[in-house]
Amino acid sequence: MNATDHPTGPIWEVIGGLSRFAALAALTELGGPEHLRDAALTPAELAERCGADADALARVLRELAGTGVVASAPGGRYTLTPAGETLCADAPDSMRAAVLMNAGPELRYALDNLPRTVREGRSAFVAEHGTLYEHLSDRPERARLFDDYMTSRAVPHRQAVADRYDFSGVTTLVDVGGGKGHFLSTVLAAHPHLRGVLFDLDHVAAAARDHLKTAGLVDRTEVVGGDFFTGELPAGADAYLLGSVLHNWSDDDAVRILSSVRAAMAPSGRVLVLEYALPDDDRPHVGLDGDIRMLALFGDGAERTRAQYGALLERADLRLDRVIDLPGGVALLEARPLSVEG
Ligand SMILES: C[S@@+](CC[C@H](N)C(=O)[O-])C[C@H]1O[C@@H](n2cnc3c(N)ncnc32)[C@H](O)[C@@H]1O
């Protein structure tokens, strides 16, 4: 039915992704990974521990064996692969929140209503629920899951930023929209001379305080709650990081955020934008899946090319000086003030 040499092959492959993701989300939600980490189990043994039906769970496990999340073991048992281990809630850099957020009501509503979004040219999610951040602001549990999702989403990138960017000339790094502070803690751990300031919405700032305390970074960090559209950003720092922030917003809103940074930064400062950098043509790129999520959830939010970021920076009186390509299709774009006043 899904022979890859038939013209329908690519379509079946895409449809199959739905079933594989549903199986992954079901196993994660049932707490299966935590039990399988303790011991190799038969579907019946796992079903008993999860409170699930053995035959149904056997089919979920069989599907997931094909995806490399679990592996068959002797005696009809299953074990977790290294990928599967990241689904455990307490795994370092756990993927649990990433799976559950993508399987949750916000993404489901946004993606289910993609035809309406495409017809109308504005996000059906935003039309019904407001922006994702407005929606999460009075749903603390979902907001916590989202912050954890952002933390795991950044796993492949944050060590690369700490390792590949030369922070020797930077004294204070402001992480604008820094989430729980996962970038700041990684970068500060690698560069002991740096101080960090985390700026994010009030409820996220509270979570960041806890995270930075646990990371032992209270003495080297400050956390500021605020809104980058209406509040002033911490002023006078020599570097401002915007990690996966601009992709949530329209060109005009992205320029407003960059202009706030431009107004706050030291004249000799720099702005670091970390985003997927899409190719200029239709080549496949991991950021294109993210772009559809941006379209569905934010409407005007978008993944962009290097040239598009260069144009946005210029509108905010910033010059794109350097692009550092990082693993996973992501780039770190360094910009400095275009005009120097005085
Ligand atoms: C996609 S997440 C990225 C988080 C983090 N920088 C990273 O790379 O993982 C965007 C962040 O922007 C924050 N944010 C959204 N609207 C904001 C606003 N108006 N003012 C300040 N922060 C905001 C969110 O709370 C969230 O932490």
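Per numbering that gives the first Met the number 0, the very first residue in the sequence shown carries number 0; after that it's consecutive.
Here a beta-carbon is modelled for each residue, glycine too, at the ideal position from N, C-alpha and C.
Just so it is clear, the structure is predicted and the values come from calculations on it, not from any experiment.
Can you name the start and end residues of the alpha helix (DSSP H) that residue i belongs to?
{"i": "ASP89", "result": "Unbroken run through ASP89: none, as it is neither H nor E."}
{"i": "LEU245", "result": "Looking at the DSSP string, LEU245 is not in any alpha helix (DSSP H), and its letter there is neither H nor E."}
{"i": "ASP111", "result": "104-111"}
{"i": "ARG261", "result": "250-263"}
{"i": "GLY16", "result": "8-28"}
{"i": "SER136", "result": "131-136"}
{"i": "MET293", "result": "286-297"}
{"i": "ALA142", "result": "139-152"}
{"i": "MET100", "result": "95-101"}
Near residue i, which residues of its chain fall below 7 Å by C-beta distance, leaving aside the five closest residues on each side in sequence?
{"i": "LEU40", "result": "HIS34, ARG76 and TYR77"}
{"i": "ARG115", "result": "ALA123"}
{"i": "GLU119", "result": "none"}
{"i": "GLY225", "result": "PHE198"}
{"i": "PHE228", "result": "ARG255"}
Near residue i, which residues of its chain fall below 8 Å by C-beta distance, leaving aside the five closest residues on each side in sequence?
{"i": "PRO139", "result": "HIS202"}
{"i": "SER93", "result": "THR85, LEU86, CYS87, ASP147 and SER151"}
{"i": "ARG305", "result": "ALA276, LEU319, VAL322, ALA330 and LEU332"}
{"i": "LEU287", "result": "LEU277 and GLU302"}
{"i": "HIS181", "result": "MET149, THR150, ALA153, ARG157 and HIS210"}
Going by DSSP, name the residue or residues bridged to residue i.
{"i": "ILE323", "result": "LEU331"}
{"i": "GLY195", "result": "LEU172 and THR220"}
{"i": "LEU317", "result": "PRO336"}
{"i": "ARG303", "result": "ALA276"}
{"i": "ALA238", "result": "LEU172 and ARG269"}
{"i": "LEU354", "result": "Residue 354 falls outside the range modelled here, since the chain spans only 0 to 341, and no answer is possible."}
If you follow the beta strand (DSSP E) that residue i is part of, which residue opens it and which one closes it?
{"i": "ALA276", "result": "269-277"}
{"i": "GLY224", "result": "220-224"}
{"i": "TYR77", "result": "76-79"}
{"i": "PHE182", "result": "Segment 181-189 is the alpha helix (DSSP H) holding PHE182; no beta strand (DSSP E) there."}
{"i": "SER71", "result": "69-72"}
In chain order, what residues of the same chain have a beta carbon less than 6 Å from the beta carbon of residue i, not counting five sequence neighbours either side?
{"i": "GLU231", "result": "none"}
{"i": "THR66", "result": "ARG19"}
{"i": "ASP324", "result": "ALA330"}
{"i": "ASP279", "result": "THR304"}
{"i": "HIS190", "result": "PHE166"}
{"i": "HIS112", "result": "What sits at residue 112 in the sequence shown is Asn, not His. So the qualifying residues of the chain are ALA123."}
{"i": "TYR108", "result": "PHE124"}
Under the criterion of a Cβ to heavy atom distance below 7 Å, does residue i qualify as lining ligand 2?
{"i": "MET149", "result": "For the structure depicted, ligand 2 is absent and the ligand set comprises only ligand 1."}
Self-check item: Touching by the beta-carbon criterion (3+ pairs, under 8 Å), the stretch 248-255 and the stretch 151-158
Solution: no
Quiz item: Hey, is the stretch 55-70 in contact with the stretch 100-115, meaning 3+ C-beta pairs nearer than 8 Å?
Solution: no
Quiz item: Between the stretch 164-173 and the stretch 182-196, do at least 3 Cβ pairs fall closer than 8 Å?
Solution: yes
Exercise. Answer yes if the stretch 207-216 comes into contact with the stretch 260-271, meaning at least three C-beta pairs across the two stretches below 8 Å, and no otherwise.
Key: no
Practice problem: Inspect the CB distances between the stretch 41-55 and the stretch 21-32 and report whether three or more fall short of 8 Å. | Solution: yes
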